[in-house]
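Here's the structure we're looking at; comments come further down.
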Ligand SMILES: [K+]
Ligand SMILES: [K+]
Ligand SMILES: [K+]
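Protein chains in written order, with this note's numbering: chain L, 1 to 197; chain A, 1001 to 1197; chain X, 2001 to 2197.
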């Protein structure tokens, strides 16, 4: 019983500083590692601006318009994200290496860091598809839900790790948490094993 | 008694990794969120350089001359700050949203990361003022002290949260911890509630 | 016995979030603090690229070719490093201040974040030399081993802290962990005491 109590105490003090499991895995969608976005397959960037979201007279998000923002691994600060128009959209990434995919990760701004206290622009339902070439047909790898009440960094296991290696991964978002005009991606990661060399 | 001992043990191992409360709140002075500095209301940047503080023959701080450095939320590394001339100065920020202000935060380099082991250039006594427009009169919101012996990230509660929302906040520094020539700001944050929309 | 068990439990939850000792010391090789690389004394940057390591058709490392990358203190992400040709090479740093050197630190990407799961390009055997001027003779300060099975951030104590202050430090790498073509440095730090002023 004492052990249990103390474990709870311990968790209370420490859980917030425990790093998410995604930080303990290689990220094959990371730009500095050699990944890149396939702009032609990505959705239209949201650039309209309503009122407060300007900076030096420039719409805020035009400073972060590129889908590249979602694969650069920078710290998660409010606004350092890629936003696409509407609630449905695609981010396509050419991975740094061909990978047998086991997990993907979506990071979003915690709601306690959001100006509104809510993260309505976070993705909700999404699928992940893999491709061997840009010309190739995509293979469905899994359907997941980013939970706005969960941890900011959420890692999803594929139902079964892929048998084959993929060079390209598409994140296809189908809904968000209530923001009609745009959906924001802070970071998308792809995990798995490279072919032994 | 055992519980107490272990809690101490636990704290000893974990307190340093517990994130400051400021990291759990929205920051309405954050540039990527839409805030901006009002340069015309900020003090003169310290650009003189004495001896060691050059980089490729360029005065070190000219690389970081802008007050923007203090609202960009980058990690706190020695020298990534905005320094103004003397011990009195002002940083004026146009907030990302109109906010009923409850807290402000000042971050500085920890003394154990400082080349001299001391942080004489840290701000000491300061006031915070709020404005609705640049033309408007400032309203005094509180007077505080940044304690150089405290944690690097210090969050201050306003005596009473503001009834009204403010669009602009001025940080007015009146003294520092002993450095006559300049005062350095690593980060300034503003916390509160936006109007419900 | 219970105390021991719980200490282990505690360590299991917390050890990974305890910051390395290097983060608690000043770093006199940090660029933002005023240090700079002496390019003429640094080894040849590795720019060749084999297959997967390109980004938008540009060899990946040409984006990070400068030895400056190793003294900028940015977060350790795969690929944000300086790689030199072969297994032997030198990084020369003009320190931010003259320092009586007590420790140096080498950071590398953790193997669990590496695409291959291994860090063959990490430095292994290395020496540190100090100089008062670029023309001056170097003084041997210590010989160390970066352990690829150890923590990502490894701090090394000099056998004896230096009596004199040095303005320049050279990191001389003599071997790596098995990568024949190149060796990568993520971060190099120099710790010690400045002369009292
Ligand atoms: K980001
Ligand atoms: K800063
Ligand atoms: K680096």
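Every residue gets a Cβ at the ideal spot worked out from N, C-alpha and C, and that includes glycine. Keep in mind the model is a prediction, meaning the values are calculated, not measured.
Distance, residue j Cα to residue i Cα
i, j, result
"residue 1177 of chain A", "residue 1027 of chain A", "26 Å"
"residue 2131 of chain X", "residue 2167 of chain X", "6 Å"
"residue 2190 of chain X", "residue 190 of chain L", "35 Å"
"residue 1092 of chain A", "residue 1138 of chain A", "11 Å"
"residue 2107 of chain X", "residue 2188 of chain X", "7 Å"
"residue 37 of chain L", "residue 68 of chain L", "6 Å"
"residue 2019 of chain X", "residue 2033 of chain X", "21 Å"
"residue 159 of chain L", "residue 104 of chain L", "12 Å"
"residue 1154 of chain A", "residue 1128 of chain A", "14 Å"
"residue 1058 of chain A", "residue 2184 of chain X", "Note that residue 1058 of chain A scores 47 on pLDDT, short of 50, meaning its location in the model is unreliable and no value can be drawn from it."
"residue 250 of chain L", "residue 112 of chain L", "For chain L, the structure presents residues 1 to 197; residue 250 of chain L sits outside this window and is missing."
"residue 2078 of chain X", "residue 2121 of chain X", "12 Å"
"residue 97 of chain L", "residue 157 of chain L", "19 Å"
"residue 2070 of chain X", "residue 1133 of chain A", "44 Å"
"residue 1171 of chain A", "residue 73 of chain L", "32 Å"
"residue 2084 of chain X", "residue 1125 of chain A", "48 Å"
"residue 2212 of chain X", "residue 2024 of chain X", "Because chain X in this structure spans residues 2001 to 2197, residue 2212 of chain X falls outside the shown range and cannot be described."
"residue 1194 of chain A", "residue 1181 of chain A", "38 Å"
"residue 2164 of chain X", "residue 1169 of chain A", "48 Å"
"residue 146 of chain L", "residue 1102 of chain A", "31 Å"
"residue 1148 of chain A", "residue 1075 of chain A", "19 Å"
"residue 1179 of chain A", "residue 1150 of chain A", "18 Å"
"residue 119 of chain L", "residue 1086 of chain A", "42 Å"
"residue 2041 of chain X", "residue 1040 of chain A", "44 Å"
"residue 115 of chain L", "residue 186 of chain L", "16 Å"
"residue 192 of chain L", "residue 2082 of chain X", "26 Å"
"residue 61 of chain L", "residue 1031 of chain A", "Confidence at residue 61 of chain L is low in this model, with a pLDDT of 48, below 50, so its placement is unreliable and the value that follows should be read with caution. For residue 61 of chain L and residue 1031 of chain A, the distance between alpha carbons rounds to 12 Å."
"residue 35 of chain L", "residue 2140 of chain X", "41 Å"
"residue 2135 of chain X", "residue 1135 of chain A", "58 Å"
Run of the beta strand (DSSP E) containing residue i, from where it starts to where it stops
i, result
"residue 1193 of chain A", "1187-1194"
"residue 2154 of chain X", "2153-2157"
"residue 131 of chain L", "125-131"
"residue 172 of chain L", "166-173"
"residue 1047 of chain A", "Looking at the DSSP string, residue 1047 of chain A is not in any beta strand (DSSP E), and its letter there is neither H nor E."
"residue 139 of chain L", "139-145"
Contact belief for residue i with residue j at Cβ below 8 Å, rounded distance in angstroms
i, j, result
"residue 1047 of chain A", "residue 1065 of chain A", "6 Å"
"residue 1089 of chain A", "residue 1043 of chain A", "3 Å"
"residue 2152 of chain X", "residue 2123 of chain X", "Not quite, the Cβ-Cβ distance comes to about 13 Å (not below 8 Å), so this is no contact."
"residue 95 of chain L", "residue 29 of chain L", "6 Å"
"residue 1100 of chain A", "residue 1162 of chain A", "5 Å"
- Near-chain X residues of the segment 22-44 of chain L - C-beta to any C-beta below 9 Å: 23, 24, 25, 26, 27, 28, 30, 31, 32, 33, 34, 35 and 36
- Query: Residue ranges of each alpha helix (DSSP H) run of no fewer than 4 residues wholly in the segment 1076-1127 of chain A, ordered along the chain?
  - Reply: Counting only runs of 4 or more, we get nothing.
- Task: Note down, in chain order, all residues in the segment 2111-2134 of chain X with a beta-carbon under 8 Å from any beta-carbon belonging to chain L.
- Result: 2112, 2113, 2114, 2115, 2116 and 2117
- Task: May I ask you to list, following chain order, the residues of the segment 2166-2192 of chain X that have a beta carbon less than 8 Å from some beta carbon of chain A?
- Result: none
- Item | Residues, ordered as in the chain, of the segment 1069-1080 of chain A that lie near chain X by beta-carbon distance below 8 Å | 1075, 1077, 1078, 1079 and 1080
- Contacting positions in the segment 1083-1099 of chain A - beta carbon closer than 7 Å to chain L: 1096 and 1097
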